[in-house]
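Residue numbers (this note's numbering): -18 to 620. Ideal Cβ placement from N, Cα and C applies to all residues, glycine included. Down below is the structure, laid out as structure tokens.
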Ligand SMILES: Nc1ncnc2c1ncn2[C@@H]1O[C@H](COP(=O)(O)OP(=O)(O)O)[C@@H](O)[C@H]1O
Ligand SMILES: [Mg+2]
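Structural data, given as structure tokens:
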């Protein structure tokens, strides 16, 4: 019942349940009359007996009627104090998401009207705000609410479960919860999930990622905590629906797939940009990073010139230990192309003479003096320039690049991130572009990486790869966007992944049909990894924002700001007393006045965000809905 604009329409939800008392009264009356009837049955005439029976019947009917009316009130009262979890089986979830008999590629839907399940809940409106403020003004034990015995018993029975959920049960229970769906195209707006640890972020992502699989999307999940339930739920879904599931997991290297993050590039500069972007924030000036970029760029073109595929391991080797060997390889190949396979027999002697018996110095001098002007070659020009660059300076300028390369190539990442194609190995090699073209689910668990920094760098590299692919999907004029597969990227504990590339991926995702979901505990978490401006940009770039219980006041305030202000009822009571001894010793006046007015308040009281029970959330969606939701836990399918 809305109370807006009508000061006389008072909500009656949390009142004493008179119906219950009346029902009990009628029942007691029926009981007494039955007793009297049985006691004096033999002495009564037939007519009197019928009258008594009719009266007992009337009492019973009146009692039943009052119980019937009391039931919703009792239910509402108990819901003030009781909450619990919701569970859903994978089969039920498939049913809700209308998967039907679709399997494999048949799941892909290009229909933007397709909807998937969001959970149970309701749209939060002014009526809920009003009720929330009323209840908020009660004392902690809510002693204003008079609970009949059965309600007290029911609440007591459910106390352990309610305690387990934490928070205040009534917030979700003041609305009429229904099954809620969301149009799939809302997710293009990207999604931010915030919430304290253990309040349900991963559980929510688990259900949403299963929904994405049901839509036939490619799913890439970056999971720093390696949540087994999440991985198993996606794998079970893939198995059931005939989709490939890939698991990248350095701590189980023997069964992990290998990812090739440098496979997809259009220009040599892209590899250099991708790796140097991980060295430091590309949006800020950094001469060390620029130098590293150039060193990487050179090494990439050398590799390509000598016919070797640039991988992280190879780049590291040529950047650190085998620089000179690579220069030699480049110049030797050049000479071979110029003079034929027996080039050393033809010019070897002259080269050694020029280099005073140092082969590499000789090759450089030979190229510079005799070949450079007639038959220039970019790779050789760069090799000679790099050769002449003072080594100490090179080492100093690449101080941040070399540890990064070492991190990303230390076992087992050497095998898992720098795979060699065509080797006789059972390990499956995937790259993000092929995955996006052919479909499937990739779960990336980085929990086992010894230091958080390596894990962070790895995620940044993968994000940079995805950003590169997004760019080429976006620019590919041959492909009709309508027939591109949708890609859903999930980043749990995403503050580790926050980097400029992630922001650019958020910014251009939609055009490339990429939808991202990033979960973090609080907004200041994001700000501390980058800056407040970046955190605000993330909020701005994510049209959907879902928060479970969050105690951080900044996050609370920013979420509450999404709800428009509401006029909330405010009752003012004034008592006055006056005695006057000037005119007359017993002159006394007194009064009481009561006013019901409205005052503008926040649509969702921010402090309530810190009082949400586990697995309940407040959300704002791209389609404009502001909702209060309960997240169902996706169960494992019974064997
Ligand atoms: N299958 C399940 N059965 C019972 N409780 C569960 C199940 N899955 C999750 N939960 C509950 O959900 C809570 C939230 O977990 P989680 O989603 O991992 O939180 P977060 O990712 O926010 O840290 C857990 O504390 C746990 O109590
Ligand atoms: Mg989690």
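With C-beta atoms as the reference, is residue i less than 9 Å away from residue j?
{"i": "residue 194", "j": "residue 160", "result": "no"}
{"i": "residue 445", "j": "residue 141", "result": "no"}
{"i": "residue 281", "j": "residue 268", "result": "no"}
{"i": "residue 111", "j": "residue 468", "result": "no"}
{"i": "residue 72", "j": "residue 496", "result": "no"}
{"i": "residue 577", "j": "residue 597", "result": "no"}
{"i": "residue 470", "j": "residue 201", "result": "yes"}
{"i": "residue 621", "j": "residue 435", "result": "Lying outside -18 to 620, the shown extent of the chain, residue 621 is not represented and no answer is given."}
{"i": "residue 170", "j": "residue 603", "result": "yes"}
{"i": "residue 48", "j": "residue 136", "result": "no"}
{"i": "residue 614", "j": "residue 184", "result": "yes"}
{"i": "residue 58", "j": "residue 9", "result": "no"}
{"i": "residue 100", "j": "residue 188", "result": "yes"}
{"i": "residue 116", "j": "residue 466", "result": "no"}
{"i": "residue 587", "j": "residue 537", "result": "yes"}
{"i": "residue 238", "j": "residue 417", "result": "no"}
{"i": "residue 501", "j": "residue 174", "result": "yes"}
Give the secondary structure of residue i by DSSP, where H, G and I count as helix, E and B as strand, and everything else as coil.
{"i": "residue -15", "result": "Residue confidence for residue -15 is low, a pLDDT of 40 falling below 50, so the modelled location carries little weight and cannot support an answer."}
{"i": "residue 612", "result": "coil"}
{"i": "residue 320", "result": "helix"}
{"i": "residue 101", "result": "strand"}
{"i": "residue 450", "result": "helix"}
{"i": "residue 585", "result": "coil"}
{"i": "residue 314", "result": "helix"}
{"i": "residue 515", "result": "helix"}
{"i": "residue 440", "result": "helix"}
{"i": "residue -9", "result": "With a pLDDT of only 46 at residue -9, under the threshold of 50, the placement of this residue in the model should not be trusted; the figure read from the coordinates follows. Coil at residue -9, not helix or strand."}
{"i": "residue 493", "result": "helix"}
{"i": "residue -2", "result": "coil"}
{"i": "residue 347", "result": "helix"}
{"i": "residue 182", "result": "helix"}
{"i": "residue 379", "result": "coil"}
{"i": "residue 498", "result": "strand"}
{"i": "residue 334", "result": "helix"}
{"i": "residue 82", "result": "coil"}
{"i": "residue 539", "result": "helix"}
{"i": "residue 56", "result": "helix"}
{"i": "residue 510", "result": "helix"}
{"i": "residue 143", "result": "helix"}
Exposed or buried, residue i, counting other C-beta atoms within 10 Å across all chains shown (16 or more means buried)?
{"i": "residue -13", "result": "At residue -13 the pLDDT is 40, less than 50, meaning the model places this residue with poor confidence and gives no usable figure here."}
{"i": "residue 583", "result": "buried"}
{"i": "residue 273", "result": "buried"}
{"i": "residue 204", "result": "buried"}
{"i": "residue 17", "result": "exposed"}
{"i": "residue 639", "result": "Here the chain has residues from -18 to 620 only, and residue 639 is not among them."}
{"i": "residue 503", "result": "buried"}
{"i": "residue 400", "result": "buried"}
{"i": "residue 553", "result": "exposed"}
{"i": "residue 422", "result": "buried"}
{"i": "residue 350", "result": "exposed"}
{"i": "residue 589", "result": "buried"}
{"i": "residue 473", "result": "buried"}
{"i": "residue 343", "result": "buried"}
{"i": "residue 213", "result": "exposed"}
With DSSP as the reference, identify every bridge partner of residue i, one or two as the case may be.
{"i": "residue 578", "result": "551"}
{"i": "residue 559", "result": "570"}
{"i": "residue 525", "result": "172"}
{"i": "residue 162", "result": "98"}
{"i": "residue 228", "result": "424"}
{"i": "residue 203", "result": "425, 472"}
{"i": "residue 239", "result": "410"}
{"i": "residue 68", "result": "614"}
{"i": "residue 607", "result": "601"}
In the DSSP assignment, the alpha helix (DSSP H) including residue i goes from what residue to what residue?
{"i": "residue 269", "result": "268 to 286"}
{"i": "residue 137", "result": "130 to 138"}
{"i": "residue 219", "result": "209 to 222"}
{"i": "residue 361", "result": "359 to 369"}
{"i": "residue 115", "result": "107 to 117"}
{"i": "residue 154", "result": "151 to 154"}
{"i": "residue 296", "result": "293 to 301"}
{"i": "residue 249", "result": "249 to 260"}
Would you kindly report the start and end of the unbroken beta strand (DSSP E) that includes residue i?
{"i": "residue 469", "result": "468 to 472"}
{"i": "residue 601", "result": "597 to 601"}
Answer yes or no: does any C-beta atom of chain B fall closer than 9 Å to that of residue i?
{"i": "residue 570", "result": "Here there is only one protein chain, and chain B is not present."}
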